[in-house]
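Taken in order, the sequence shown gives residues 1 to 344; the numbers are from full-length UniProt numbering. Note that beta-carbon positions come from the ideal geometry of N, C-alpha and C, so glycine has one too.
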Amino acid sequence: MGTARTSSSRQQITTAPSPADHTRIPYTSASKRKRNADEKASVASTSAKRNRRNGGDHPAIPTDPKDVIDLTSDSPVASPQKRTSSAKMKQSPGEGIPERRARVFRRKPPQTFLQRLNRATTQRMFVLGHIVTGADDIPEMSFDIAGTTGNIYKTVIGKEPTCTCPDARKGNQCKHICYVLVNVLKAPQHLQYQLAFLSMELREIYEGSFLSREQTKVDDDNGGNRKAVEGDCPICFMEFEPDREEIVWCRAACGNNIHKTCFQQWAVLQKSQGVRCVFCRSPWEADTSDVNLEQLRAQGQTTAEGYINVASQLGLSGQRDYSTYHPFWVSQQLYPYGSRRRRR
Numbered sequence: 001m002g003t004a005r006t007s008s009s010r011q012q013i014t015t016a017p018s019p020a021d022h023t024r025i026p027y028t029s030a031s032k033r034k035r036n037a038d039e040k041a042s043v044a045s046t047s048a049k050r051n052r053r054n055g056g057d058h059p060a061i062p063t064d065p066k067d068v069i070d071l072t073s074d075s076p077v078a079s080p081q082k083r084t085s086s087a088k089m090k091q092s093p094g095e096g097i098p099e100r101r102a103r104v105f106r107r108k109p110p111q112t113f114l115q116r117l118n119r120a121t122t123q124r125m126f127v128l129g130h131i132v133t134g135a136d137d138i139p140e141m142s143f144d145i146a147g148t149t150g151n152i153y154k155t156v157i158g159k160e161p162t163c164t165c166p167d168a169r170k171g172n173q174c175k176h177i178c179y180v181l182v183n184v185l186k187a188p189q190h191l192q193y194q195l196a197f198l199s200m201e202l203r204e205i206y207e208g209s210f211l212s213r214e215q216t217k218v219d220d221d222n223g224g225n226r227k228a229v230e231g232d233c234p235i236c237f238m239e240f241e242p243d244r245e246e247i248v249w250c251r252a253a254c255g256n257n258i259h260k261t262c263f264q265q266w267a268v269l270q271k272s273q274g275v276r277c278v279f280c281r282s283p284w285e286a287d288t289s290d291v292n293l294e295q296l297r298a299q300g301q302t303t304a305e306g307y308i309n310v311a312s313q314l315g316l317s318g319q320r321d322y323s324t325y326h327p328f329w330v331s332q333q334l335y336p337y338g339s340r341r342r343r344r
């Protein structure tokens, strides 16, 4: 019996697995998953410790406002809705928004302006009347001008200058606009060739012109280069009687006096050549300061284009001066049906 127990215990000892035998047992899929999970947990804990060492206890704030969900309205990062509302407030009027020019600013005068400027400074025109509106805020200056042919045009100097003449209706800066800016308003040179103005520029033009300094009209009889009203009229050779008849005088040059009725007859005879002074033969400068515009319109003639023509009332020939125009354009105006072509 003792021998049997010994052999049995030996059997148990020999059959029991040794520690070395544990390493030889292959890993199952469950053991692999467990090992991978342990490794990931170890890496996560290591990175968390590193972040605490570098950043302290302050949480990281996302840089993109879209990633912020503010449930308490205490977040220092503004939400997109608040940023949109502030942008709308900046666009509201009266917040110092810079004014935009309606047309592109011209850095130098173009050739088209120089051509029309030449006509405006060499051809005769008359300002028959003017009206200023908005002088305290944004001035707008309107002028009734008789052009070289005697047609009456309305020229307005505002944020975008306009004129009722055919050239301006095509979108051009016409000679009438140039005439007003250069000769009448004496605008600064860099503004004379602009197609649009800012409010501050209009105020600058207005304040620098005669319109802002305009006062009660002074009697012209005591000013200028007019000579004393004495002697005889050079046309009828009758003595002047200022108390009983109207008398005109040469404003352009010599200053001599003429009976108004006599001069009107003289102007009719000189209409085709252009009215000149009886004495010095200078082109006659009409007095438009006392012109009744409505009466002048009633006396004028309506052209085929619909304009009121007052050439005869102002002593103009009514003929256009083509000396400064392009020859091709002149031929199109004078011979619209090609009558200059040679007949075969």
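Classification of residue i by the beta-carbon crowding that lies within 10 angstroms, buried from 16 upward
i, result
"R281", "exposed"
"N257", "buried"
"V229", "exposed"
"N151", "buried"
"Q265", "exposed"
"G147", "buried"
"D287", "exposed"
"C308", "The sequence given here has Ile at residue 308, not Cys. So I308 counts as buried."
"T155", "buried"
"R119", "buried"
"F210", "exposed"
"L114", "exposed"
"residue 346", "This structure leaves residue 346 out entirely; the chain is present only between 1 and 344."
"N225", "exposed"
"I131", "exposed"
"A311", "buried"
Helix, strand or coil at residue i [DSSP, three-state]
i, result
"T112", "helix"
"Q295", "helix"
"A311", "helix"
"D221", "Annotation note: pLDDT 46 at D221 (below 50); position unreliable, coordinate value reported separately. Reduced to three states, the DSSP call for D221 is helix."
"D243", "coil"
"D137", "coil"
"I205", "helix"
"D38", "helix"
"Q194", "coil"
"Q301", "strand"
Residue j beta carbon less than 8 Å from that of residue i
i, j, result
"C178", "R116", "yes"
"I157", "L191", "no"
"R103", "L195", "yes"
"T149", "R297", "no"
"W284", "G315", "yes"
"S199", "I138", "yes"
Opening and closing residue of the beta strand (DSSP E) in which residue i lies
i, result
"M125", "Unbroken run through M125: none, as it is neither H nor E."
"H259", "N257 to H259"
"A187", "Neither: A187 is in no beta strand (DSSP E) and is coded neither H nor E."
Residue range of the unbroken alpha helix (DSSP H) whose run includes residue i
i, result
"K175", "K175 to Y179"
Per DSSP, cross-strand counterpart(s) of residue i
i, result
"T155", "F143 and C163"
"T148", "Answer by DSSP bridge pairing: none, since T148 is not bridged."
"D232", "E239"
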